[in-house]
Structures are given as structure tokens and as C-alpha cells.
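Below is one structure, written out as C-alpha cells, with a few remarks after it.
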Amino acid sequence: MKDGRRETEDGSREAGVGLRRVRSFVRRPGRLTPAQERALEELLPRYQVGEGDLRDSFDRPAELVVEIGFGNGQALVWMAAHEPERNFVGIEVHEPGVGRLLRDLAAEGLDNVRVARRDAVEVLREQTPPASLDQVRIYFPDPWPKKRHHKRRLIQPDFLRLVAERLKPGGLLHLATDWMPYAEWMLEAIDEVPELRNLGQPHVERPPWRPQTHFERRGLKRGHEIVDILVRR
Ligand SMILES: C[S@@+](CC[C@H](N)C(=O)[O-])C[C@H]1O[C@@H](n2cnc3c(N)ncnc32)[C@H](O)[C@@H]1O
């Protein structure tokens, strides 16, 4: 520990020991194509969320849906185009994915999406007041299959408590995974949060608002079963 900061497992430093937390991702530089690099330079200023309340990043009031870990952003673009009455914030730390989303947003002329290039836990903690979100969608979060990595899984009771607090009463959390042990882990974590009620028995068919995602297709090719979980605050 140096300067009151402690090194986290991925080598980054977080201020204040009380804030120490294992992250659900490992930052890898990732190669940007020239087009993605240009998109980040030219389009990020237009689509990036501000520093405050996510709702202030839009020039109209509307239901707010947050997608965490949008990957290449294809599903987010599809949903935003099919639900034009809603505002969307996509949160992702993987730069090439952010670059690709920005290009697609501009190409489709969509103006109901904003992007946060930060750890979703920080965005929820710092940029969403209690009861400010209508929906949170998390599709195919990294399963971290090895037991010693389970602590890196995004879905944990503490994380779900944070999501529950940020959702409006009646708000919806939609999870999907192709990794059965993670689905069971998610269901157990949901059970630990009394503010959340699982609407499935224990899970549901893919709802019509969720398109197939890139990681879902990968899972299907490997013969994995897909599970959607719908939870209401
Ligand atoms: C397995 S991929 C799934 C991507 C996409 N949802 C799909 O289904 O194709 C998980 C994504 O979540 C992102 N991610 C993981 N933890 C995150 C966090 N705490 N904040 C933001 N993004 C995160 C990763 O960078 C990665 O792109």
C-alpha cells in the first residue's frame, strides 16, 4: 500500500481501503481499428454521458434503461431502435466495443443512447440517485468459471442491493447467461435481496425486447443452454 492507496488485483489503485473491491473485468488494452479510434475521437463527445445524474445526459424526460457490459453494442443499438420512446445508457469498459457502438449509433442516427466508459459499479454508485432507473439489463456477463475467480462475478448480493436501490419501485432487472452454474449463482444472489422478486419459475423464455447477442451466439455454438432471468423491485 502506498499513499493510502491499495493495489487491486488487476494492478490498478483505488483510493481508501474501505473502497477496495474486486473488479468484474480485467483491463486489456485491446486493439482499436482505425475506424474505432476515429469514432472515439469524433463521436464520444456527442454520446458520452456527463459527470452527474445519468438522466441529465438527455434532452427529454423518458424511461431510462441501463445496459451494463454491452460488448460490441449490437444488442443496444437494436433495442434503442425498437424502443424509441425510452432513453438508454450503455456502460462498457472495453474500448473497441465502445468505438464500434459509437459508429453504429451515428450510422443509424439514434439519439436516445448515451455511453459511459467506466466501471458500471462506479456509475451506479456515483451517477444514479436512488429510484432513478426504470430498467437494468445485463446480458451474458463474464461467467468467471474458475472457483478462485467467482469473487470477480459482477452479480453478487451487494451489487444486486445497489441495483435494487437505484431502480424505481416496480423497476425491472433483466439478466441473461449461457453458463448454468452462473445462472444458479444469480438465482441464489437474488434470493438474498428481499427488495427483489424473481418473476420466473425460476427463469423465463427470452423476452421479445432482447435480441440475440454476440456472446449468446458463441455460447449456442458451444451447445450451451440460455437462461433469461427477470426480476422486479
Ligand atoms: C462476456 S461480455 C458480454 C457482452 C455482451 N453483453 C454480449 O452479450 O455479447 C461482458 C462484457 O461486460 C463488460 N464488463 C464487465 N464488467 C464490467 C463493469 N464492471 N463495468 C462495465 N463493463 C463491464 C466487459 O468489458 C465485457 O465486454
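The sequence shown runs -1 to 231 under my numbering.
No residue lacks a Cβ here, since even glycine has one placed at the ideal position from N, Cα and C.
Bear in mind that the values here come from a model prediction, so they are computed numbers and not experimental data.
Legend entry - Contact set, ligand 1 heavy atom to C-beta under 6 Å: Ser22, Phe23, Ile66, Gly67, Phe68, Gly69, Ile89, Glu90, Val91, His92, Gly95, Asp117, Ala118, Val119, Tyr137, Phe138, Pro139, Asp140, Leu152, Thr211, His212, Phe213, Glu214
Legend entry - Boundaries (first-last residue) of the alpha helix (DSSP H) holding glutamate 193: If you number the sequence shown from 1, residue 193 lands on position 195. Per DSSP, glutamate 193 belongs to no alpha helix (DSSP H) and is neither H nor E.
Legend entry - Inter-residue Cα distance where the pair is glutamate 258 and phenylalanine 157: Residue 258 is absent from the structure shown; the chain starts at -1 and stops at 231.
Inset, instruction - Quick one: residues in its chain with C-beta nearer than 6 Å to the C-beta of arginine 116, no 5 flanking neighbours on either side, listed in chain order? - result: Reading the sequence shown from its first residue, position 118 is the one you call residue 116. Apart from the 5 residues on each side of it in sequence, arginine 116 has no Cβ closer than 6 Å to any other Cβ in its chain.
Inset, instruction - From the DSSP output, in three-state form, read off histidine 172 for me. - result: For the purposes of this step, residue 172 is taken as residue 174 along the sequence shown, with counting starting at 1. Note: histidine 172 maps to strand in three-state DSSP.
Inset, instruction - Under 7 Å Cβ to Cβ from methionine -1, same chain only, skipping five residues before and after it: list those, please. - result: By 1-based counting over the sequence shown, the position of residue -1 is 1. In this prediction, methionine -1 has a pLDDT of 41, which is less than 50 and means its spatial position is unreliable; nothing more can be read from the coordinates.
Legend entry - C-beta atoms of tryptophan 22 and arginine 159 nearer than 7 Å: Counting from one through the sequence shown, the residue named residue 22 turns up at place 24. Counting from one through the sequence shown, the residue named residue 159 turns up at place 161. Checking the sequence, you will find serine at residue 22 rather than tryptophan. No; because the gap between Cβ atoms is not below 7 Å, this pair is not in contact.
Legend entry - Status (buried if at least 16 other CB within 10 Å, exposed otherwise) for arginine 220: Taking the sequence shown and counting its residues from 1, one reaches residue 220 at position 222. Exposed, because fewer than 16 other Cβ atoms sit within 10 Å of the Cβ of arginine 220.
Inset, instruction - Grab me the residues of leucine 173's own chain with a C-beta within less than 6 Å of its C-beta, minus the 5 sequence neighbours each way, in chain order. - result: On the sequence shown, position 175 is the one that residue 173 refers to. Taken in chain order, the residues that qualify are Ile136, Met184, Ile227.
Inset, instruction - Give every residue of the same chain whose Cβ lies closer than 8 Å to the Cβ of glutamate 214, excluding the five residues on either side of it in the sequence, and list them in chain order. - result: To locate residue 214, count along the sequence shown from 1; it is residue 216. So the qualifying residues of the chain are Tyr137, Phe138, Ala174, Asp176, Ile224.
Inset, instruction - From the DSSP output, read off the bridge partner residues of tyrosine 45. - result: Within the sequence shown, residue 45 is the residue found at index 47, counting from 1. None; tyrosine 45 has no bridge partner.
Inset, instruction - Would you mind sorting valine 111 into buried or exposed? The rule is 16 or more other CB atoms within 10 Å of its CB. - result: On the sequence shown, position 113 is the one that residue 111 refers to. Buried, by the Cβ-count rule.
Inset, instruction - Identify whether leucine 131 lies in helix, strand or coil by the three-state DSSP scheme. - result: Residue numbering aside, residue 131 sits at position 133 when the sequence shown is read from its first letter. In the structure shown, leucine 131 falls within a strand segment according to DSSP collapsed to helix, strand and coil.
Legend entry - Three-state class that DSSP yields for glycine 67 in the structure shown: Position 69 of the sequence shown, counted from the first residue, corresponds to residue 67. Glycine 67: coil per DSSP, three-state reduction.
Inset, instruction - Would you mind stating whether alanine 162 and valine 119 have Cβ atoms separated by less than 7 Å? - result: For the purposes of this step, residue 162 is identified with residue 164 of the sequence shown, where counting begins at 1. For the purposes of this step, residue 119 is identified with residue 121 of the sequence shown, where counting begins at 1. Taking 7 Å as the cut-off, the beta carbon of alanine 162 is found no closer than this to the beta carbon of valine 119.
Inset, instruction - Please report the residue range of the beta strand (DSSP E) in which alanine 114 lies. - result: Your numbering for residue 114 matches position 116 in the sequence shown. Residues 111 to 114.
Legend entry - Chain-order list of residues whose beta-carbon lies under 7 Å from that of valine 121 (same chain, five-residue window excluded): Along the sequence shown, read from residue 1 onward, the residue named residue 121 stands at position 123. If we look at valine 121 and ignore the five residues flanking it on each side, its Cβ neighbours are Ile89, Ala114.
Inset, instruction - For arginine 216, count neighbouring C-beta atoms within 10 Å of its own C-beta (all shown protein chains included) and say buried if the count is 16 or more, exposed if not. - result: As a first step, residue 216 must be located in the sequence shown, where it is residue number 218. By the neighbour-count rule (16 or more Cβ atoms within 10 Å), arginine 216 is not buried but exposed.
Inset, instruction - With a 10 Å radius around its C-beta and 16 neighbouring C-beta atoms as the bar for buried, classify threonine 31 as buried or exposed. - result: As a position in the sequence shown, residue 31 is number 33, starting the count at 1. With fewer than 16 Cβ atoms within 10 Å of its Cβ, threonine 31 is classed as exposed.
Legend entry - Contacts around aspartate 51, its chain only, beta-carbon distance under 8 Å, and the 5 residues preceding and following it disregarded: For this step, residue 51 is matched to residue 53 along the sequence shown. Counting only Cβ-Cβ distances below 8 Å, and skipping sequence neighbours, we find Gln125, Thr126, Pro127, Ser130.
Inset, instruction - Compute the distance between the beta-carbons of proline 29 and asparagine 70, then report whether it is under 7 Å. - result: For this step, residue 29 is matched to residue 31 along the sequence shown. For this step, residue 70 is matched to residue 72 along the sequence shown. One detail in the question is off: residue 29 reads as arginine in this sequence, not proline. Contact flag unset, no.
Legend entry - Cβ shell of alanine 33 (< 8 Å), same chain only, five flanking positions each side left out: In the sequence shown, the residue the question calls residue 33 occupies position 35. So the qualifying residues of the chain are Gly97, Arg101.
Inset, instruction - Kindly indicate the opening and closing residues of the beta strand (DSSP E) around phenylalanine 213. - result: Here residue 213 refers to the residue found at position 215 of the sequence shown. Phenylalanine 213 -> not in any beta strand (DSSP E); alpha helix (DSSP H) instead, spanning 212 to 219.
Inset, instruction - Within its chain, find whatever has a CB closer than 8 Å to the CB of aspartate 1; leave out the 5 residues flanking it on each side and keep chain order. - result: The sequence position of residue 1 within the sequence shown is 3, counting from 1. Because aspartate 1 carries a pLDDT of 42, less than 50, the predicted location of this residue cannot be relied on, and no value is offered for it.
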